[in-house]
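Number 239 in UniProt numbering belongs to position 239 of the sequence shown; there are no gaps in the numbering.
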Amino acid sequence: MEKRLSDQLRYLTISAIDEEWGIVVTTVGYQFIPPKGNYPLSKHPDNYNFKPQTGRILNEYQLVYITKGSGYFSSQSCKMQKINAGTMILLFPGEWHSYYPDSETGWDEYWVGFRGVHIDRRVEKRFFTREEPLQHIGLSATIVGLYEDILKFASQEKTGYQEMISSIVLHILGTVYYKRRNNSFTNTYVVDKINEARILMKEQVENPLTPEEIASRLGLGYSWFRRMFKEYTGVSPAQYQLQQKLLKAKELLTSSSMNISEIAYS
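Quick look at the structure:
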């Protein structure tokens with residue numbers, strides 16, 4: 001089996017066409033720090049240079065994934081915290097930060113740097129916030145594989161590679177958001193009840209129950225049911241039912257001989 005290098009890093013070229021894509025990747029790499037090892041291993045350009053004692057400020061976002069060991073993180077908006085394997089760190093442009101491995105454990109880290117209007121928009125809408133830069137998503141071979149894919153495409157530098165790897169970054173961001181959202185719903189009773197409600201709504205599209213009737217069937221108070229349903233799905237029960245009705249209508253338009261008027265009154 002081929003032995004991996006202890007570190008690998010790349011800083012990438014970006015064209016005007018790449019910028020038009022809405023997100024570009026600036027750097028990608030990994031470093032494996034043994035117990036009592038020097039940190040960081042990699043030598044970086046001045047605008048990326050990093051000393052844990054003084055920290056740094058970047059002009060881009062970075063996703064730093066810790067896959068082994070433990071250490072510490074702090075930033076302008078987040079007090080010092082212990083971090084363990086399975087933590088994803090999101091660094092923000094213009095935000096002072098510092099992080100480093102525990103000398104007793106060392107750590108393995110992967111990182112990718114990026115910028116663009118796509119991520120700016122997500123931060124503006126508070127999908128990701130400076131106050132919560134640490135995402136405890138657990139260990140994922142899939143996410144490690146995505147970092148390795150970015151490194152592979154970056155090393156080949158084939159035409160269109162920026163668009164490919166920046167889309168992988170969006171995939172990682174989506175995975176982080178998905179895991180965080182679902183980790184916040186640890187109460188399986190709540191999730192089970194919401195799933196039961198969604199099944200009822202899908203089964204009763206043609207003769208829909210009211211949200212109040214659905215809550216009653218499930219043995220739930222309506223106010224609690226509506227609040228938890230919207231918190232979990234992002235839409236109210238009534239909005240969800242309307243969307244199911246529209247989806248059913250689209251399905252009938254494409255798969256049956258019924259016209260719009262017939263579907264509207266079906």
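Yeah, the Cβ is synthetic: ideal placement off N, Cα and C, and Gly gets one too.
{"Query": "Specify whether the region 97-111 and the region 122-130 touch according to this definition: at least 3 beta carbon pairs, one from each stretch, less than 8 Å apart.", "Result": "no"}
{"Query": "Alpha carbon to alpha carbon, what distance is there between E231 and K152?", "Result": "39 Å"}
{"Query": "In three-state terms, what does DSSP make of V169?", "Result": "helix"}
{"Query": "Is the CB-CB distance between E157 and C78 below 8 Å?", "Result": "no"}
{"Query": "Is the beta carbon of F92 less than 8 Å from the beta carbon of Y61?", "Result": "yes"}
{"Query": "Excluding the 5 residues preceding and the 5 following I165 in the sequence, name in chain order all residues of the same chain whose CB lies nearer than 7 Å to its CB.", "Result": "V25, I150, F153 and A154"}
{"Query": "Which residue wins for smallest C-alpha separation from H118, given the options A16, G22, V176 and D18?", "Result": "G22"}
{"Query": "Measuring straight from C-alpha to C-alpha, what distance separates Y11 and N49?", "Result": "13 Å"}
{"Query": "On a Cα-Cα basis, can you pick out the residue from G116, E203, K248 and H171 that is closest to I14?", "Result": "G116"}
{"Query": "Looking only at its chain, what residues have a beta carbon closer than 7 Å to the beta carbon of I143, apart from the 5 residues adjacent to it on each side?", "Result": "Y65, I172 and T175"}
{"Query": "Output the distance between the C-alpha atoms of Y161 and S167, rounded to the nearest integer angstrom.", "Result": "10 Å"}
{"Query": "With distances taken Cα to Cα, identify the nearest neighbour of K36 among G106, L58 and I57.", "Result": "G106"}
{"Query": "Taking T233 as the reference, give the member of G145, V112 and K193 with the closest Cα.", "Result": "K193"}
{"Query": "Would you say L63 and W111 are within 8 Å of each other, going by their C-beta atoms?", "Result": "yes"}
{"Query": "Whole angstroms are fine: how far does the CA of L90 sit from the CA of E19?", "Result": "21 Å"}
{"Query": "If you follow the alpha helix (DSSP H) that K230 is part of, which residue opens it and which one closes it?", "Result": "Y222 to T233"}
{"Query": "Hey, how far is the Cα of Y39 from the Cα of R121?", "Result": "33 Å"}
{"Query": "Using DSSP with H/G/I as helix, E/B as strand and the rest coil, what is Q204?", "Result": "coil"}
{"Query": "Please classify E109: is it buried, with 16 or more other beta-carbons within 10 angstroms of its beta-carbon, or exposed?", "Result": "buried"}
{"Query": "On the criterion of 16 or more Cβ atoms from any shown chain inside 10 Å, does F185 qualify as buried, or is it exposed?", "Result": "exposed"}
{"Query": "Assign Y147 to buried or exposed, taking buried as 16 or more other Cβ atoms, counted over all protein chains shown, within 10 Å of its Cβ.", "Result": "buried"}
{"Query": "Where does D102 fall in DSSP's three states?", "Result": "coil"}
{"Query": "Give, in chain order, every unbroken run of the alpha helix (DSSP H) that is at least 4 residues long and sits entirely within the region 24-78.", "Result": "none"}
{"Query": "Consult DSSP for K250 and reduce its assignment to one of helix, strand or coil.", "Result": "helix"}
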